[in-house]
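Inspection log for the structure reproduced underneath, given as C-alpha cells.
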Ligand code: SF4
C-alpha cells in the first residue's frame, strides 16, 4: 500500500491551505440504534454502528438500475423522481417522504462536496473529525454513494488513519474501486459490497478477486426481485450481516414500493 499521504509535503501544503480557508461545518452521522435492522446487527456483532447519509440518486454517479431521487419543487414540496425502470431506490423514497432524512443527506453532501473539492486530504480530515473516537462500525452509506474518485480516496485515507473503525456498505462506483485497487489504496478496515448492475458481473468478480489478492474483504451483491431470490443459490442478506462481513457474494431482495413496469 502507498505510504500514508499524510506525511508527504503535498499533504502539509494541503493542510496549510485548508487552515486558511473557511472552516467546514461538521458532518452528521446517524446512530444504528435508531434503525431496527442496524440495531439488531449491533447486538449480533457486539459493536456500535454509525451511519453516513448522502443524497440518494443525486450522489450516485453510476446508478442505473436503481436510480431515483427526491426533488424539491419551487414551493418547497418534495416528490420522488424515478430515473430507472428496473427498481426504485428505497432510500430515495424515504428522502422524498421524510424531510429530516433528506436534510441530513443534503447537509452531509454539501459539506463533503466542498471538502473534496478542496482536496482529498481535506475530505479525509472532514470524515475523520466526524468519526467516533472509540472502536465502532460505520455504514457508508445509507443513502448516496461515492460521488467522485476524490471522495473515494478521501474515505480510503480516513479509514487508513482510523484502523479501529470498520467501514462497510454497498457501492455502484466500481470504476473508483478499480482505480483504488490498482493503486492499493483500500485499507483492510474498508469492507465493500459491489452492487452489481446489468452486464457488470464479470467486472465485479474481477474486482473482488483483485481485492482478495490484496487481503481485503469484498463481496458482489446482486439485487433480485423476490421471486428470483427464492430460487437463488446465493445467500440472501436480510439483516445487513453479509454486507458487514463482505466475505461471500450474496443477493439482496428489492423492497419498498416499486414503480409500475413500463
Ligand atoms: S446507488 Fe444506492 S442510494 Fe444511489 S440510487 Fe441506487 S440504490 Fe439509491
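In the working numbering, the protein residues as written are 1124 to 1385.
C-beta atoms are modelled at their ideal positions from N, C-alpha and C, and glycine is treated no differently.
Comparing C-alpha distances from residue 1260 to each of 1167, 1294, 1278 and 1173 shows the shortest one belongs to 1173.
With contact defined as three or more Cβ pairs closer than 8 Å, the region 1199-1218 and the region 1231-1241 are not in contact. The C-beta distance from residue 1318 to residue 1344 rounds to 5 Å, short enough to fall under 8 Å. Going by beta carbons, residue 1308 and residue 1279 fall inside the 9 Å limit.
Just measuring C-alpha positions, the residue of 1170, 1316, 1179 and 1160 sitting nearest residue 1221 is 1179.
In this structure, the C-beta of residue 1192 approaches the ligand SF4 to less than 8 Å from one of its heavy atoms.
Distance from the CA atom of residue 1348 to the CA atom of residue 1378, rounded to whole angstroms, is 8 Å. In the DSSP assignment, residue 1248 falls within the alpha helix (DSSP H) that extends over 1243-1253. Under the 10 Å beta carbon count, residue 1196 is surrounded by fewer than 16 other beta carbons and is classified as exposed. Using a cutoff of 8 Å, the CB of residue 1213 counts as near the ligand SF4, since one of the ligand's heavy atoms is closer than that. Closest option to residue 1219, judged by alpha-carbon separation, among 1205, 1169 and 1359: 1205. For residue 1283, the uninterrupted alpha helix (DSSP H) run begins and ends at 1272-1284, by DSSP. Take residue 1296, set aside five residues on each side of it, and the residues of its chain with a beta-carbon closer than 6 Å to its own are 1185, 1268 and 1269, in chain order. Nearest to residue 1289 by alpha-carbon distance, out of 1275, 1232 and 1315, is 1315. A check of alpha carbon separations from residue 1271 across 1169, 1303 and 1320 identifies 1303 as the nearest. Under the DSSP assignment, residue 1303 falls in the alpha helix (DSSP H) whose first and last residues are 1297-1305. Counting only runs of at least 3 residues, the region 1159-1225 fully encloses the following beta strand (DSSP E) elements, listed from N- to C-terminal order: 1172-1176, 1191-1195 and 1201-1205.
The residues 1362 and 1364, in chain order, have a CB closer than 8 Å to that of residue 1167 in the same chain once the five nearest residues on each side in sequence are set aside. Listed as beta-bridge partners of residue 1374 by DSSP are 1345 and 1359.
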